[in-house]
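The structure appears right after this line, and notes come after that.
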Amino acid sequence: MNLLLGATMSKLILVANRLPVTVEKTENGLIYKQSVGGLATGMSSLSAKFDCYWIGFPGITSESVNEKEMKEITQVLKTKYQCIPVFLSNTDVSEYYEGFSNETLWPLFHYFPNYTKFNSLHWDTYHKVNLLFLKNVQDTYMTGDYVWIQDYHFLLLPMMLRNVEPNAMIGFFLHIPFPTYEVFRLLPWRKAILEGLLGADLIGFHTSSYVRHFLDNVHHLLGYEDVFDVIRFSERKVKVSAFPMGIDYRKFESVSKIPEFKSYLKELKKNTDGYKIILSVDRLDYSKGITERLESFQVFLEKHAEFLKKVIWIIVAVPSRTNVTAYGDLHSKVNELVGKINGRYETVGWTPIHYLTRSIDFPELCALYYLADVALVTPLRDGMNLVAKEYVAVKHDLDGVLILSEMAGVSEELGEALTVNPHSNDEISSAIITALKMPVNEKKQRMRIMRERLLNKDVFKWAGNFMEDLQNLETTKNKPSARFIDMKWIKEISAYYKKSKNRVIFLDYDGTLVPFKKKPQGLTFVPKASDFIFDLVKKLNVFEVIKDFSDDIELNDILLQLERDNENKLVIISGRNRRFLEEKFGKRKFFLIAEHGAWIRKPGAQWEKPIDLDSRWKEHLRPLFQLYLDRTPGSYIEEKDFSLVWHYRMVHPSIAESRMRELKRTILNTISNMSLKVLEGNKVLEVKNVEIDKGRAAKKILAETGSSFIIAIGDDMTDEDLFEALPEGAITIKVGNEPTYAGSRVHDYTEVRKILSAFYQN
Ligand code: ADQ
3 MNLLLGATMS KLILVANRLP VTVEKTENGL IYKQSVGGLA TGMSSLSAKF
53 DCYWIGFPGI TSESVNEKEM KEITQVLKTK YQCIPVFLSN TDVSEYYEGF
103 SNETLWPLFH YFPNYTKFNS LHWDTYHKVN LLFLKNVQDT YMTGDYVWIQ
153 DYHFLLLPMM LRNVEPNAMI GFFLHIPFPT YEVFRLLPWR KAILEGLLGA
203 DLIGFHTSSY VRHFLDNVHH LLGYEDVFDV IRFSERKVKV SAFPMGIDYR
253 KFESVSKIPE FKSYLKELKK NTDGYKIILS VDRLDYSKGI TERLESFQVF
303 LEKHAEFLKK VIWIIVAVPS RTNVTAYGDL HSKVNELVGK INGRYETVGW
353 TPIHYLTRSI DFPELCALYY LADVALVTPL RDGMNLVAKE YVAVKHDLDG
403 VLILSEMAGV SEELGEALTV NPHSNDEISS AIITALKMPV NEKKQRMRIM
453 RERLLNKDVF KWAGNFMEDL QNLETTKNKP SARFIDMKWI KEISAYYKKS
503 KNRVIFLDYD GTLVPFKKKP QGLTFVPKAS DFIFDLVKKL NVFEVIKDFS
553 DDIELNDILL QLERDNENKL VIISGRNRRF LEEKFGKRKF FLIAEHGAWI
603 RKPGAQWEKP IDLDSRWKEH LRPLFQLYLD RTPGSYIEEK DFSLVWHYRM
653 VHPSIAESRM RELKRTILNT ISNMSLKVLE GNKVLEVKNV EIDKGRAAKK
703 ILAETGSSFI IAIGDDMTDE DLFEALPEGA ITIKVGNEPT YAGSRVHDYT
753 EVRKILSAFY QN
């Protein structure tokens, strides 16, 4: 079906479990109710750039409507709302939605394995419903369209679509957490789910932790490594990124202009005058930590009698997924606890907890946010949690305190909130006290910082950024992947070389000109533990010691021949330190680039720093490296001028990868606000200033020398910066078969030597 004849804008097909319009059957006929949820709001901003179609369940099952009504609904939704309804049966709703989505994926992804059901019938229906949605996407899709799939209901759909539309641009966003390997691996269908997701070109999560969890799972379960968060999966690249979802900030901020808001506020103020107000707003869900919060409130009342009759806690908890057993149980448990606490502390004229079990409309919700002195948001796990953001937006220039669970995705963004462990009654109770006693200036200051952050990252930016990234990926997507070279290629390139003048030749050293040297070189910081290892290594003589460059007649000859040609500028571009490169090549006519671009040396000149770099950060990270060194036999640390490197080639394979990943995670958490990057190399993990990269250094040399022929060869991840930075027309060659930006590849250093010798041989 072609829905887009004659249209000029690109089409965007959104797939979500629910349509932004719900259809109800009443005595007076069919009625259509539009929702104003976060997702629908974010998507609305995309309609200026895309012709948006939405595919989802309309809220009415196939059994509740006859064929005529189904046709009518389909027609109205399509023409009036650009929506395509997928009619699920009662069994689908019970097994795909309530079953696999909400009794398997939801609890497991929120770290509740004890609530998780592993039911293969539900899995089959989940698979079937994903196929049903696929059919609807196929009916709507035309070449060139974008497809954006939302959430845990469709983890299989990206690959299903990829199989039938190999060139489609597919995005996927998960609104809930992605769990760590130890939790995700419990799922019997774990591999199918990861492979399902890898059908997308871009996979988005709310936080960088979820990105890391996902990449870890792909690595452990499917064996694919990522390069800068890009996974190469059967000849395709899949990018994985964090897109923290925002809210319609301006709408919440400017709510005071709405008349209904004013009247709600007036009424609320009248009824709560003289009390400090604490507020919680949630869907009634066990992941939101409502019972734990009630227990904490009880501790607070017990410990702080001075607040009796002075504080009111308003809980607005709208029931959801009522057909799922765990939710029914929760409903009774919360009722019981509220009754118990109120029963114990209530006096004539004062009820400590006001519990509303209904959904409230926007002006009333905002009036509550506005009134609340404290927002108590303590989910046990939450993908993001928009309530926290909404509170900050409404309280923008007022004093208020946000108490926030560290287990909510939003806590990565709102560090100025009072963060608590939602399982600790004592922490929550003390945070309430701190909030109630916090000086006005401090409250305002914390709010101001959070407000500024949220203002710039609203839901429109979220949707726009995701789509922009998806579109950017499209430009690189159809580039053919690097192929191994053959003799014909070598002949063509060397003919081109011979015809050219002013050539620049960038050559990485280890792994490119010589095989990897296993014995560490140039260490300036080797703490005690590794001294011991080196001694042992020497005694056992277990390492293959590769000949030095000076003894390597073949390489020496190749480089000499190239150096003799006055049209050539040879650049040795390496991660090695200055001393090493100077010892090897200091007397030659080569340009040298050391420490991945931190230092440049023109032939015969002094070393220069292309940019001013600060290396004080090493003081902070050294103890962490030391800790991992002590814990990991066989590892050692190398310190360069502007980087710290953890080598783990000699670590026992059973722990090497997991220890490296653990260290990487810890480093990433530690450096989140420093200008540093972490690189995984060949059995090394390196931290360095973000500004250092081989690409920048190469560009600096090219700017001075000019060039009409450029070739770059390298095997390391850091050579990817070089390949990316070089101008179009440059010949780029990757050594090895890892994913690369290079145009071609060779198997090892012997083939590199073959190419270089072909340049001067007849
Ligand atoms: P939810 O679990 O629904 O969403 P949350 O983000 O807190 O969680 O709330 C979504 C919206 O529901 C908010 O806009 C809030 O105002 C509204 N809401 C909640 N309770 C309400 C009530 N009683 N009355 C009226 N409105 C109420 C899932 C994930 C989250 C993620 C969102 C968006 O579980 O972690 O933040 O998707 O990706």
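If you're matching positions, the sequence shown starts at 3 in the numbering used here and goes up one per residue.
Positions of the beta carbon are idealized from the N, C-alpha and C atoms, including for glycine.
Any non-hydrogen atom of the ligand ADQ closer than 7 Å to residue i Cβ
i           : result
residue 252 : no
residue 427 : no
residue 319 : yes
residue 388 : yes
residue 460 : no
residue 356 : no
residue 362 : yes
residue 598 : no
residue 773 : This structure gives no information on residue 773, because the portion of the chain shown stretches from 3 to 764.
residue 323 : no
residue 373 : no
residue 787 : Summary: the structure shown does not reach residue 787, with the chain confined to residues 3 through 764, and so no result is reported for it.
residue 16  : no
residue 333 : no
residue 177 : yes
residue 415 : no
residue 367 : yes
residue 247 : yes
residue 411 : yes
residue 40  : yes
residue 100 : no
residue 454 : no
residue 255 : no
residue 392 : yes
Cβ-Cβ distance between residue i and residue j below 8 Å
i           : j           : result
residue 190 : residue 112 : no
residue 154 : residue 456 : no
residue 707 : residue 412 : no
residue 231 : residue 663 : no
residue 574 : residue 582 : no
residue 205 : residue 174 : yes
residue 194 : residue 160 : no
residue 140 : residue 18  : no
residue 434 : residue 280 : yes
residue 740 : residue 229 : yes
residue 649 : residue 686 : yes
residue 666 : residue 598 : no
residue 451 : residue 476 : no
residue 400 : residue 416 : no
residue 15  : residue 57  : yes
residue 465 : residue 90  : no
residue 336 : residue 286 : yes
residue 421 : residue 754 : no
Beta bridge counterpart(s) of residue i as assigned by DSSP
i           : result
residue 384 : 410
residue 315 : 280, 355
residue 152 : 175
residue 746 : 485, 735
residue 321 : 286
residue 572 : 507
residue 711 : 505
residue 512 : 516
residue 716 : 736
residue 394 : None, per the DSSP bridge assignment.
beta-carbon residue i near the ligand MN non-hydrogen atom, thresh 7 Å
i           : result
residue 384 : With respect to the ligand MN, the structure shown offers nothing to examine, as its ligands consist of the ligand ADQ.
(request) List in chain order: all unbroken beta strand (DSSP E) runs of 3+ residues lying wholly within the region 664 to 694. (result) Within the region 664 to 694, the runs of beta strand (DSSP E) that reach at least 3 residues and sit entirely inside it are, in chain order, 678 to 682, 686 to 691.
(message) Runs of 3 residues minimum, wholly inside the region 13 to 92: which ones carry the beta strand (DSSP E) assignment?
(response) Every unbroken stretch of the beta strand (DSSP E) spanning 3 or more residues and falling wholly within the region 13 to 92 is given here in chain order: 23 to 28, 31 to 36, 52 to 59, 85 to 87.
(message) If we require 3 or more residues per run, which beta strand (DSSP E) segments fall completely within the region 205 to 242?
(response) Qualifying beta strand (DSSP E) stretches, in chain order: 232 to 235.
(message) Report the start-end ranges of each alpha helix (DSSP H) in the region 84 to 136 that is 4 residues or longer and not cut off at the edges.
(response) Annotation: the region 84 to 136 contains the following complete segments of the alpha helix (DSSP H) (minimum length 4 residues), in chain order: 108 to 111.
(request) Run through the region 575 to 637 for me and flag every whole alpha helix (DSSP H) of 4 or more residues, listed as ranges in chain order. (result) The region 575 to 637 contains, as complete alpha helix (DSSP H) runs of 4+ residues, the segments 580 to 587, 619 to 633 (chain order).
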